[in-house]
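Residue numbers (the numbering used here), protein chains in the order written: chain A, 1 to 126; chain B, 1001 to 1146. Ideal Cβ placement from N, Cα and C applies to all residues, glycine included. On a predicted model such as this, the values are computed, not experimentally measured, just so you know.
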């Protein structure tokens, strides 16, 4: 899916407009509110391209969702359930080169809709 | 030859600043042109260790060094220490409080994840504090990639 399709279909707010590339492709996703789990699972992915083409879906609106994405080379974070990030969080996303999006959809619903569109989940690579 | 030597103070319970040292480390390693895989392993381990100090300790420090072809990370905190290291190393075991869980941590995966990422790990702890030393070997194919 192109990032522009994600934004359009899921009614996303783009919080980091200067970093937004509508043509960027998203092929993979991982969702969690626990960043420990995101770090554990996503760090097992060896192929850097996979992570760069991934979105981290979370309800966590703190700096830590941005830091976690940065550590993993994930370039897009999607906040769910209509959560609005504070300005310092948006600023950190800008500084870290992370595209920060938000949708009113719940984590389950947006994940299901993305799955229907062919986006694959990231699993633990042993 | 020493090519990196940085020192950071890590403040307990400061979730806004948590991860800043690891972010700076990651950006420095990127500028130095190392492979994405090496940078990711170092960054993830560093971030987990930094978060551990923020969540569990009374405060501490992080030191990052590169000497020749080895990246050294050292995290020291001033207590209260890990009562049972073997138990703390188990996946899913966590003593994190509600505040850290609200900040997305405390799944009990941190130390396990650090061990998996690093080439070498030494963890020593008593009631006076914890010392975590990590080593990452820079291989030829990790150099001049970025």
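{"Check": "Taking all protein chains shown into account, do 16 or more other C-beta atoms lie within 10 angstroms of the C-beta of residue 31 of chain A, making it buried, or fewer, making it exposed?", "Outcome": "buried"}
{"Check": "Please classify residue 1118 of chain B as buried or exposed, where buried requires at least 16 neighbouring CB atoms within 10 angstroms.", "Outcome": "buried"}
{"Check": "Relative to the C-alpha of residue 1147 of chain B, which residue among B:1093, B:1055, B:1065, B:1026 is closest?", "Outcome": "Beyond the ends of chain B as shown, which are 1001 and 1146, falls residue 1147 of chain B; an answer cannot be given."}
{"Check": "From this set, A:43, A:83, A:53, which residue's C-alpha is nearest residue 12 of chain A's C-alpha?", "Outcome": "A:83"}
{"Check": "If you check the beta carbons only, do residue 68 of chain A and residue 38 of chain A fall under 9 Å apart?", "Outcome": "yes"}
{"Check": "Report all residues from its chain with a CB closer than 7 Å to the CB of residue 1147 of chain B; omit the five preceding and five following residues, and keep chain order.", "Outcome": "Residue 1147 of chain B falls outside the range modelled here, since chain B spans only 1001 to 1146, and no answer is possible."}
{"Check": "Determine the direct distance from the alpha carbon of residue 1128 of chain B to that of residue 49 of chain A, and round the result to whole angstroms.", "Outcome": "43 Å"}
{"Check": "Given that a residue counts as buried once 16 or more other Cβ atoms are within 10 Å of its Cβ, and exposed if not, what is residue 123 of chain A?", "Outcome": "exposed"}
{"Check": "Which class does residue 118 of chain A belong to by DSSP, given the choice of helix, strand or coil?", "Outcome": "coil"}
{"Check": "Round the Cβ separation of residue 54 of chain A and residue 1107 of chain B to the nearest angstrom and send it over; I've been treating them as touching at under 8 Å.", "Outcome": "About 19 Å; that fails the 8 Å criterion."}
{"Check": "Count the other CB atoms, across all protein chains shown, that sit within 10 Å of the CB of residue 1134 of chain B; report buried if there are 16 or more and exposed otherwise.", "Outcome": "buried"}
{"Check": "Which word fits residue 1103 of chain B, buried or exposed, when buried means at least 16 other C-beta atoms lie within 10 angstroms of its C-beta?", "Outcome": "buried"}
{"Check": "For residue 1097 of chain B, decide whether its Cβ has a neighbour in chain A, counting only Cβ atoms nearer than 9 Å.", "Outcome": "no"}
{"Check": "Straight-line CA distance for residue 58 of chain A to residue 79 of chain A?", "Outcome": "5 Å"}
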